[in-house]
Amino acid sequence: MISGCRPRSAPTQPDFDGAPVNPAAQPDVISPLRQDIRLLGKTLGEVIRECEGRPVYDVIEKLRRAAVKFRREGQDSDGRMLARQIRRLGNGEANSVARAFSYFLHLSNIAEDRDQTRRQRRQWQAEGPATPGSLRHAIDLLQAEGLTGAKIRRHLAQACIVPVLTAHPTEVQRKSTLDLHQAIARHLRGMDLPHAPLEAARQQERLTGLIAALWQTRMLRQTKLTVLDEIDNALSYYTSTFFSTLPQLHLDMGALLRKPPKNPFDVDNTPLPPFVHMGSWIGGDRDGNPNVNAGTLEQALVRQCAHALRHYLTEVHELGAELSVSQSLMQVSPALADLSAGSQDPSAHRQDEPYRRACIHIYARLAATAIALTGRRLARRNTYAAPAYDTAADLAADLRTVAESLDTHHGALVGRLRLSHLCQAVEIFGFHLATVDLRQSSDVHERVLDELMRQAHVTLDGQAVQYAQLSEEDRVRVLRQELHEPRPLASPWVDYSEETTKELAILRMAADCRRRFGDAAIRQSIVSHTETLSDLLEVLILQQETGLIAPTVNKARPQEGLMVVPLFETIPDLERGADIMDAWLSLPEVASRVRQVQHGIQEVMLGYSDSNKDGGYLTSHWSLYQAERRLVEVFRKHRTRLRLFHGRGGSVGRGGGPSYDSIVAQPPGTVNNQIRLTEQGEIIQSRYKDVEVGRWHLDLFVAATLEATLAGAAATRTEDRHAAEYGEAMAWMSQTAQQAYRDLVYGTEGFTEYFFSSTPIREIAGLNIGSRPSSRKALERIEDLRAIPWSFSWAQCRLPLPGWYGVGAALTQYLDDGGPDHALDRAARLQRLRAMARDWPFFRTLLSNMEQVLAKTDLVIGRAYAELVADKPLRKQIFSRIEAEFHATVQVFRDITGHDLLAHDAPLQAALAERFAYIDPLNHLQVELLRRMRSGADSAHRANEQESRDQRAIHMTINGIAAGLRNSG
């Protein structure tokens, strides 16, 4: 809900024994959300009293009441009282308090998600005009543009809509905890049904048991996640969500595009060509992660394949039980009869049940496929030796034989029970489940090519090549020369460096996995830190060396291979991006490859996190906007379809915010039914933890993509007018914002010390929440820190400046000085900003996302973290600048919008206020524990056991604060 899904009614949080916090709210206690929160809070309180004892419970309740009173009345004395109470906590009490408030926030999230789903279901099922964000609304818009159902189907056949799951470490909750969350959510749904008193008591008993299990489950991981752990964690979302939602989404879309049949038995069960696919970085993203290698890539695809095949085996078995149709009562098609005849099922009872015999044969072939592809026996039923399927298309063909026989013999509705869903699933997931992207930094590719060329004695103009020393022009020349060179660069007789050996091995494994699991298993090779044309050409050479593509001189084999995808991350990279792509698409060998192998599509990835860390919020978004518009022009010139891959995180500072709004606000021509975006960290859990929530987010994703694609010539003209009218002012404000941001972060002496002292960055690095290191180098430098822990750290201390710092300075200076609009007076410049916020989707979305971040900022708590900085003059200097910029940003936001933060969304404002009452104690406790840890770090008398206990408590507060803020990573 806080991650962009806004409630309609604010929850009033109860205390742990269920008494209402605000007596005035008693009349509204019957709202379903409040009922759920009261029930969960009361049950948690009972569990704490039982497990920890009354004294510990009383301490927790006393803190809770103080926090609620402070949030409601805002008195400094209440805040100081809360801080004093926390300072008095003993070490054991600190752990219990951290767990209690964290788990209450976990349970509140479950209640809010449940209420959100409940309201969304009512809204989308209501009579009347379709709700924006629903599939029906998107189809209505397409049809209003004159597209028939058949045309929309052809439209979808060319669509590529891909959520890409990544393992970036901002999900701090263990899978065991998440599993219990799902169990509690499922149980609450069951409690909605009317029950007799005895059954109602059993239902409450089970709920108490589940929450007791949650309380008694270790909150923190004791060991660091491995890449294989991350693969398995991602696979769990297919079981809980994707296997169910994605096929049903396609089936529902098909139903929307067809006219209702006059005869209910006359239905079309033909699956739609899949327009939503799944992607993954887990196991193939080795940029800065030394734990990813050829083995993890193979394991990612083996485990994905096994997961898909387990699902198919289960579904085919259930299908066989379902299709009890007797041949003595109903005819079958000749193709189905042939498929049935291939079965070696010995049972005499099934001799006249051809569909069951066909399913038994399909099951046997799937069992053999599992052994062939994964080396595992996945079939849980007895079976017989049968030929494995060569491809998922062969399995789809057998299922289609069953479906067509049913359709032509009065069984179309029987096929709707399970078969149509399974047919659609096979079309979507194949044997690979999800496409795994490869990603590596351009500087690694450069070092590998430098070594290979030196060892192979490559020459250019008769001179031996030292690739790393070449100019960009000469690099391009030698790389293009190698593309047409049949002689391999890599030799089995040369001992290469560990880095080169590893890179060649993972690319060779990619080639092998494509042969085993199909080309869809791996399609992209993403080049991080793309700064030049040669950064892209290098990847073509490496693919040629490892069997992914054949040398261009080999006409006997198609080029195949992986699409080379540039990732433009920093502000300078974004500014260069269009020129690099113009040069790339101008190369004849690349142009032919794009046309023949990539079906006229070229993907470009845009990095939100690093551009924000590099230049600040306003400059990052303006640079991304300009880069997108320039890319559209370049691709139009080359008659190539652009597919943008948005590398967004959960927090607004990393490109987060409501996906629907962000996609619809994209510049015209940048979507065009082609879009990929990353789903990272806690956002995966928030969006895809169960079927209903997952389906809602996927509908939003698809609907937004279709609606954004509709933006035609009129929208382009409008956007061009906005860019022409406001572009110069935006460019000036962007430069001003970047200067303010970089002056603070990179230009202020002592800022690094301030950041590492006033935030829990070191403690976050110690959390076992991912396989990737938090820094690219083992140095305490802002430049080397990854953008993810950078944003996460600021969110923890409630100063999420990556989401707003510099905006206040820029907009205020524009109002005061005018920049390019200095001829206008201040009032006219303010009206100009108001017009931008009203009429320009880019600027409106920029302010809307920033508003939520400003609403989560808390200077009182931020100042408490600043007190951790030992250097008092440094602390005062930097915090005062942050404080001044926050006030300036809020004030200019009010001037432009005409309202206070979230004043137009009172339910969300109230929900946040209530939620903060439970996050505040965790923040104050985290500060106190950090102070204890750091003050005792050099003490020879500090016991290791005590230090370990404090670290665990700090990590629990990090967990709870992240759960409360939800989109902090």
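Each residue of the sequence shown is one higher than the one before, counting from 1483 in my numbering.
Backbone N, C-alpha and C fix where the C-beta goes; we use that ideal spot for every residue, glycine too.
For the segment 2375-2441, the full-length alpha helix (DSSP H) segments reaching 4 residues or more read 2388-2417 along the chain. Taken in chain order, the unbroken stretches of alpha helix (DSSP H) that lie wholly in the segment 1867-1927 and span 4 residues or more are 1874-1889, 1894-1899 and 1901-1911.
For S1513, no alpha helix (DSSP H) encloses it, and the DSSP letter there is neither H nor E. In the structure shown, F2127 falls within a strand segment according to DSSP collapsed to helix, strand and coil.
Classified as buried, C1905 has 16 or more neighbouring CB atoms from the shown chains inside 10 Å of its CB.
Of the residues Q2006, K2095 and D2172, the one whose Cα lies closest to the Cα of L2267 is K2095. Taking each of V2009, A1993 and T2028 in turn and checking the Cα distance to T1983, the smallest one comes out for T2028. For Q2084, there is no enclosing alpha helix (DSSP H); the residue is found in the beta strand (DSSP E) stretching over I2083 to G2089. Considering only T2234, A2211 and R1921, the residue with the shortest C-alpha distance to L2312 is A2211. Residue pairing for I2157: DSSP places it in a beta bridge opposite I1643 and L2126. The residues E1933, L1934, Q1937, A1972 and L1986, in chain order, have a CB closer than 8 Å to that of Y1978 in the same chain once the five nearest residues on each side in sequence are set aside. Its chain contains Q2006, I2008, E2085 and M2087 as the residues whose beta carbon lies nearer than 6 Å to that of V2047, once the 5 sequence neighbours on both sides are disregarded; these appear in chain order.
DSSP places L1717 within a helical segment (H, G or I) once states are collapsed to three. The beta carbon of A1946 is closer than 7 Å to those of H1939 in its chain, skipping five residues each way along the sequence. At a Cβ-Cβ threshold of 7 Å, I2243 and S2273 do not count as neighbours. Taking C-beta atoms under 8 Å as the contact rule, E2115 and R1569 fail to qualify, at a distance of about 60 Å.
Taking 7 Å as the cut-off, the beta carbon of S1815 is found no closer than this to the beta carbon of E1835. Taking every protein chain shown into account, the CB of A2352 has fewer than 16 other CB atoms within 10 angstroms, so this residue is exposed. Its chain contains Y1871 and V1908 as the residues whose beta carbon lies nearer than 6 Å to that of L1877, once the 5 sequence neighbours on both sides are disregarded; these appear in chain order. For E2174, the number of other beta carbons within 10 angstroms of its own is at least 16, and it is reported as buried.
Counting C-beta pairs with one atom in each stretch, the segment 1909-1920 and the segment 1785-1792 have three or more that are closer than 8 Å, which means they touch. In the three-state reduction of the DSSP assignment, D1767 falls in the strand class, which pools E and B. In the structure shown, V1709 falls within a helical segment according to DSSP collapsed to helix, strand and coil. Per the DSSP secondary-structure output, L1961 pairs with nothing in a beta bridge.
Considering only A1649, R1596, G2097 and V1884, the residue with the shortest C-alpha distance to L1801 is V1884. Nearest C-alpha to F2237 among C2279, Q2220, L2384 and I1592: C2279. Separation of the CB atoms of T1778 and L1710 is rounded to 7 Å, and the pair is thereby assigned contact status at 8 Å.
Straight through space, the alpha carbons of D1767 and E1955 are spaced by roughly 29 Å.
Going by C-alpha positions, A2337 is about 32 Å away from A1620. By the beta-carbon neighbour count (other beta carbons within 10 angstroms, threshold 16), T1873 is exposed. Per the Cβ contact rule, the segment 2297-2311 is not in contact with the segment 2349-2366 (fewer than 3 Cβ pairs under 8 Å). Taking the C-beta atoms as reference points, R1839 is found nearer than 7 Å to S1822.
Here L2106 has L2088 as same chain residues with Cβ atoms under 6 Å from its own Cβ, once five neighbours each way along the sequence are excluded. For D1714, the closest C-alpha among the options S1726, H1732, G1765 and V1758 is that of G1765. In the same chain as N1775, and ignoring 5 residues on each side of it, the C-beta atoms closer than 8 Å to its own belong to R1768, K1984, A1987 and I1988, in chain order. The segment 1745-1831 is shown to contain whole alpha helix (DSSP H) runs of 4 or more residues at 1776-1804 and 1816-1823, in chain order.
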